Amino acid sequence: MIPLRQEWPSDFAARYRAAGYWRGETFPGFLRQRAEERPGAEAIIGGGQRWTYAELHARAERAAAGFLALGLRPGDRVVVQLGNIPEFFAVVFGLFRAGLVPVYALPAHRLTEIAHFVARAEAAAYVAAERQEGFDYRGLARDLRAARPDLRVVIVGDAAEFTPFDALDGDRAALPGDPDPSSVAFLQISGGTTGLSKLIPRTHDDYIYSFRASNEICGVRPESVFLVALPAAHNFPMSSPGHMGALYAGARVVLSPTPSPEAAFPLIEGEGVTITGLVPPLALLWAQAAAAGKHDLSSLEVLLVGGAKLTPEAARRVREGLPCKLQQVFGMAEGLVNYTRLDDPDEIVLETQGRPICPDDEVLIVDDIGERVPEGEPGYLLTRGPYTIRAYHNDEAANARSFTLDGFYRTGDIVRRTERAYLVVQGRAGDHINRAGEKISAEEVEDHLLAHPQVFDAAVVSVPDEFLGERSCAFIIPRGERPRPAALKAWMRGRAIAAFKVPDQIVLVDSFETTAAGKVSRKELRARLRTRLMAEDGVS
Ligand code: OOB
Numbered sequence: 001m002i003p004l005r006q007e008w009p010s011d012f013a014a015r016y017r018a019a020g021y022w023r024g025e026t027f028p029g030f031l032r033q034r035a036e037e038r039p040g041a042e043a044i045i046g047g048g049q050r051w052t053y054a055e056l057h058a059r060a061e062r063a064a065a066g067f068l069a070l071g072l073r074p075g076d077r078v079v080v081q082l083g084n085i086p087e088f089f090a091v092v093f094g095l096f097r098a099g100l101v102p103v104y105a106l107p108a109h110r111l112t113e114i115a116h117f118v119a120r121a122e123a124a125a126y127v128a129a130e131r132q133e134g135f136d137y138r139g140l141a142r143d144l145r146a147a148r149p150d151l152r153v154v155i156v157g158d159a160a161e162f163t164p165f166d167a168l169d170g171d172r173a174a175l176p177g178d179p180d181p182s183s184v185a186f187l188q189i190s191g192g193t194t195g196l197s198k199l200i201p202r203t204h205d206d207y208i209y210s211f212r213a214s215n216e217i218c219g220v221r222p223e224s225v226f227l228v229a230l231p232a233a234h235n236f237p238m239s240s241p242g243h244m245g246a247l248y249a250g251a252r253v254v255l256s257p258t259p260s261p262e263a264a265f266p267l268i269e270g271e272g273v274t275i276t277g278l279v280p281p282l283a284l285l286w287a288q289a290a291a292a293g294k295h296d297l298s299s300l301e302v303l304l305v306g307g308a309k310l311t312p313e314a315a316r317r318v319r320e321g322l323p324c325k326l327q328q329v330f331g332m333a334e335g336l337v338n339y340t341r342l343d344d345p346d347e348i349v350l351e352t353q354g355r356p357i358c359p360d361d362e363v364l365i366v367d368d369i370g371e372r373v374p375e376g377e378p379g380y381l382l383t384r385g386p387y388t389i390r391a392y393h394n395d396e397a398a399n400a401r402s403f404t405l406d407g408f409y410r411t412g413d414i415v416r417r418t419e420r421a422y423l424v425v426q427g428r429a430g431d432h433i434n435r436a437g438e439k440i441s442a443e444e445v446e447d448h449l450l451a452h453p454q455v456f457d458a459a460v461v462s463v464p465d466e467f468l469g470e471r472s473c474a475f476i477i478p479r480g481e482r483p484r485p486a487a488l489k490a491w492m493r494g495r496a497i498a499a500f501k502v503p504d505q506i507v508l509v510d511s512f513e514t515t516a517a518g519k520v521s522r523k524e525l526r527a528r529l530r531t532r533l534m535a536e537d538g539v540s
């Protein structure tokens with residue numbers, strides 16, 4: 001088994017410890033501490049359940065012992081595919097406590113993605129709920145078991161054909177000590193800018209620092225109430241400041257099954273939610289829905305918006321529509337997170353994507369050949385710091401591409417830095433589609449399309465979209481009989497992939513007209529097709 005590792009050079013690690021960023025805390029350690037300090041305070045509210053800190057801690061410990069009793073061993077990876085339900089927390093804190101390593105899949109993922117995570121992480125187990133948002137995960141689990149016979153444990157709700165959730169109830173006395181703070185706590189999923197998603201190993205030390213510092217920046221305190229509206233497994237609602245920040249603060253976490261205003265607004269009103277995070281299209285939807293005035297949203301103090309670019313105009317609309325402070329957040333599962341600050345003037349909050357969390361977040365903005373651009377000019381963002389990874393798990397090729405020799409992560413984002421050191425995101429280098437915050441790799445979707453017998457070639461591009469920010473468009477050169485776009489989309493849905501990866505639009509073309517310019521790269525081709533489509537559609 002490939003060992004899990006995330007290491008910073010020793011001089012950096014020493015500096016991050018000396019500066020007090022890495023304090024030797026662990027996930028099970030901080031949960032135990034909160035359970036001792038405020039046992040009766042509510043921790044998790046969702047799905048008709050209300051768990052106190054004492055209860056969450058007890059459930060996590062019993063789950064930890066249950067996982068070990070099933071034969072899993074510290075260091076084993078476990079793919080977790082749970083939505084916004086309390087069990088998510090019992091399971092992941094149980095895994096942390098047992099020294100097992102969650103791999104965070106999203107509820108939208110399907111067999112193709114889950115099998116990839118299992119293979120890449122060499123996972124020993126898979127955990128899902130039986131049914132979430134109308135999808136039955138038992139079928140997926142059956143196919144997964146057939147595809148990955150090496151998977152030792154499969155837990156799907158209470159389905160008898162798998163190990164039932166009830167089995168996650170062991171004797172707490174049998175538990176080992178807490179994990180090493182510098183060890184990998186979990187694997188997060190990358191946005192997948194090229195090909196399949198990469199796995200991001202985050203340590204206890206580095207991740208806890210990122211949300212402890214985020215709490216300070218976003219004003220999270222024990223009295224806060226954080227609403228998880230986006231999927232709990234995504235890095236943004238997890239740590240910016242997220243449910244983990246809220247739990248670290250001893251605050252309350254409220255779970256919304258979906259981010260729709262219909263689901264979220266009654267929870268905000270009923271539970272007195274003070275803070276939450278949304279992607280831009282949802283923030284705009286909430287601002288519009290709030291105007292109907294059906295719910296009292298006055299408890300809301302802070303709304304974080306990020307995951308995709310919030311334009312100044314959209315930022316204005318969000319702020320006018322919702323009775324709270326707006327904070328922009330520009331982050332990535334690989335590490336670096338930027339926030340506008342709560343006391344920043346309007347022009348910064350509306351027009352920038354914030355500045356880094358930490359004084360030791362190093363930011364370089366460079367040109368095509370890696371030279372620094374003049375201050376204020378746009379360029380590629382490279383970063384290094386106390387909570388930015390130095391390597392992906394088990395992916396040498398991606399590591400060679402994504403990190404410089406001196407350890408900077410190439411974010412792929414094109415940014416400029418203002419005089420006050422705030423970043424403004426201006427675009428990106430990578431060929432992915434940022435569809436309402438979900439990153440879709442053009443290459444991955446093209447690979448699927450190429451498997452269709454009537455597809456000779458395919459190029460997938462992003463197009464600006466009024467509601468989603470960006471949508472995906474696939475240009476197809478047919479082979480033989482021309483496929484019907486609707487049929488092609490239906491066929492893509494049958495590929496057992498997350499629905500957000502199915503192209504929103506399909507355009508059939510006779511050729512890519514690239515011969516005039518000689519051989520062009522995929523990247524260049526996608527750029528041309530995108531320009532052509534935008535000219536034809538009158539999109540600007
Ligand atoms: C967040 O994380 P990921 O890993 O899903 O995606 C990261 C990428 C960034 O590299 C950038 O391309 C884009 O998402 N992005 C933004 C943005 N926030 C993220 N682009 C423009 N403006 C923004 N405000 O999406 C994520 C992780 C933690 C906190 C917030 C978002």
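Numbering follows UniProt numbering, in which position 201 of the sequence shown is assigned residue number 201; successive positions increment by one, without gaps.
Using N, Cα and C, we set each Cβ at its ideal position, and we do this for glycine too.
Since the structure is predicted, the reported quantities are computational estimates derived from the model, not experimental observations.
Neighbourhood of residue i by C-beta, 6 angstroms cutoff - its chain only, sequence neighbours within 5 removed
{"i": "Val-363", "result": "Thr-383"}
{"i": "Ser-540", "result": "Caution is warranted here: a pLDDT of 43 is assigned to Ser-540, below 50, making its placement in the model unreliable, and no coordinate value can be reported."}
{"i": "Asn-434", "result": "Ala-308, Glu-470"}
{"i": "Ala-159", "result": "Glu-130, Arg-138"}
{"i": "Gly-24", "result": "Pro-181"}
C-beta neighbour in chain D for residue i, strict 7 angstroms
{"i": "His-109", "result": "Chain labels in this structure do not include chain D; a single protein chain is all it has."}
For residue i, the nearest candidate out of the options (CA to CA)
{"i": "Arg-410", "options": "Ala-421, Val-424, Thr-418, Tyr-392", "result": "Tyr-392"}
{"i": "Met-332", "options": "Ser-210, Pro-323, Leu-56", "result": "Ser-210"}
{"i": "Ser-214", "options": "Ala-90, Phe-135, Leu-282, Pro-356", "result": "Pro-356"}
{"i": "Ile-44", "options": "Leu-508, Arg-221, Asn-84, Pro-201", "result": "Asn-84"}
{"i": "Ala-283", "options": "Ser-462, Glu-133, Arg-390, Lys-309", "result": "Lys-309"}
{"i": "Leu-342", "options": "Glu-351, Leu-255, Gln-328", "result": "Gln-328"}
{"i": "Thr-26", "options": "Leu-82, Met-244, Leu-199", "result": "Met-244"}
{"i": "Ala-535", "options": "Glu-513, Asp-406, Pro-464", "result": "Pro-464"}
{"i": "Asp-413", "options": "Ala-397, Arg-401, Pro-378", "result": "Pro-378"}
{"i": "Ala-172", "options": "Ala-232, Val-228, Arg-62", "result": "According to the sequence provided, residue 172 is Arg. The question's Ala does not apply to it. Measuring from the Cα of Arg-172, the nearest candidate turns out to be Arg-62."}
{"i": "Gln-49", "options": "Arg-110, Glu-271, Phe-330, Leu-350", "result": "Glu-271"}
{"i": "Ser-256", "options": "Pro-231, Glu-481, Leu-381, Gln-505", "result": "Pro-231"}
{"i": "Glu-113", "options": "Ser-183, Glu-37, Pro-86, Lys-198", "result": "Lys-198"}
{"i": "Arg-316", "options": "Asn-338, Lys-294, Ile-348, His-295", "result": "Ile-348"}
{"i": "Pro-359", "options": "Phe-88, Ala-263, Gly-20", "result": "Gly-20"}
{"i": "His-57", "options": "Gly-46, Glu-36, Leu-70, Gly-385", "result": "Glu-36"}
{"i": "Tyr-339", "options": "Asp-169, Pro-241, Pro-102, Ala-292", "result": "Pro-241"}
{"i": "Glu-481", "options": "His-452, Ala-14, Ser-472, Leu-468", "result": "His-452"}
{"i": "Arg-142", "options": "Glu-313, Ser-10, Ile-268, Leu-111", "result": "Leu-111"}
{"i": "Cys-473", "options": "Ala-486, Pro-503, Val-228", "result": "Pro-503"}
{"i": "Arg-34", "options": "Pro-281, Gly-250, Arg-145, Asp-346", "result": "Gly-250"}
Enclosing alpha helix (DSSP H) for residue i [first to last residue]
{"i": "Val-91", "result": "86-98"}
{"i": "Trp-51", "result": "Note, Trp-51: premise wrong, no alpha helix (DSSP H); beta strand (DSSP E) at 49-52."}
{"i": "Arg-528", "result": "522-537"}
{"i": "Pro-485", "result": "485-493"}
Limits of the unbroken beta strand (DSSP E) element including residue i
{"i": "Lys-325", "result": "325-332"}
{"i": "Ala-128", "result": "125-128"}
{"i": "Ile-44", "result": "42-46"}
{"i": "Pro-102", "result": "101-104"}
Neighbourhood of residue i by C-beta distance below 8 angstroms, restricted to the same chain and skipping five residues each side
{"i": "Arg-526", "result": "Asp-431, Ala-442, Ala-459, Val-460, Val-461"}
{"i": "Phe-403", "result": "Arg-390, Ala-391, Tyr-409, Arg-410"}
{"i": "Ser-298", "result": "Pro-323"}
{"i": "Ile-365", "result": "Arg-372, Val-373, Glu-377, Pro-378, Gly-379, Tyr-380, Leu-381, Leu-382, Val-415, Arg-416, Arg-417"}
Any non-hydrogen atom of the ligand GTP within 6 angstroms of residue i CB
{"i": "Ala-213", "result": "As for the ligand GTP, it is missing from this structure, which binds only the ligand OOB."}
Residues near residue i in its chain [Cβ-Cβ closer than 7 angstroms; skip 5 each side]
{"i": "Leu-100", "result": "Phe-67, Leu-72, Pro-74, Asp-76, Val-78"}
{"i": "Tyr-207", "result": "Ala-185, Ser-239, Tyr-387"}
{"i": "Pro-3", "result": "none"}
{"i": "Thr-163", "result": "Leu-70, Val-153, Val-154, Ile-155"}
Between the region 531-538 and the region 492-499, do three or more beta carbon pairs fall short of 8 angstroms? Segments in contact, no.
Which runs of the alpha helix (DSSP H), 4 residues or longer, sit entirely within the region 412-479? 442-450
So does the region 83-98 actually touch the region 166-184, counting three or more Cβ pairs closer than 8 angstroms? yes
Alpha helix (DSSP H) segments (min. 4 residues) lying fully within the region 258-315: 261-271, 280-290
Can you find at least 3 beta carbon pairs, one from the region 115-134 and one from the region 150-165, that sit closer than 8 angstroms? yes
Below 8 angstroms, can you find three or more Cβ-Cβ pairs linking the region 419-428 to the region 440-458? no
How do the region 442-449 and the region 402-422 stand: do at least 3 beta-carbon pairs fall below 8 angstroms, yes or no? no
The region 298-311 contacting the region 269-287, beta-carbon criterion three pairs below 8 angstroms: yes
Please give me, in chain order, every unbroken run of the alpha helix (DSSP H) with length at least 4 that falls completely inside the region 138-219. Runs of the alpha helix (DSSP H) inside the region 138-219: 204-218.
Do the region 194-209 and the region 219-227 meet, that is, are 3 or more Cβ pairs less than 8 angstroms apart? no
Under 8 angstroms, with one C-beta from each stretch per pair, do the region 367-375 and the region 348-355 reach the 3-pair mark? no
For the structure I just gave you, are there three or more beta carbon pairs, one from the region 286-300 and one from the region 314-326, closer than 8 angstroms? yes
Let me know the alpha helix (DSSP H) ranges lying completely inside the region 376-412, each 4 residues or longer, listed in chain order. 396-402
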